[in-house]
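Numbering (the working numbering), first residue to last: 91 to 165.
Glycine residues also receive a C-beta, built at the ideal position from the N, C-alpha and C atoms.
Rendered as structure tokens:
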């Protein structure tokens, strides 16, 4: 996540309750991985994560597009 100039602390604000999540089964990662789309404040993010010892382990965080950009782009 350092490559994207995003902090792990930012993930703590991810709105898991309203996020859409799915299993990432595109390849064998040696563990079950999941993807989620959700918001931090008014920006949409893509999180890749897995579960280890019943805790979420974040693998990557991408995005940061404001809601207004997502909707106005398609109009």
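Which residue marks the beginning of the alpha helix (DSSP H) containing residue 99, and which one marks its end?
98–101
C-alpha gap between residue 134 and residue 124, whole angstroms:
17 Å
Taking its Cβ as the centre, do 16 or more other Cβ atoms sit within 10 Å of residue 104, making it buried, or is it exposed?
buried
What residue does the beta strand (DSSP E) around residue 111 start on, and which one ends it?
110–114
With 16 other Cβ atoms within 10 Å as the buried cut-off, status of residue 137
buried
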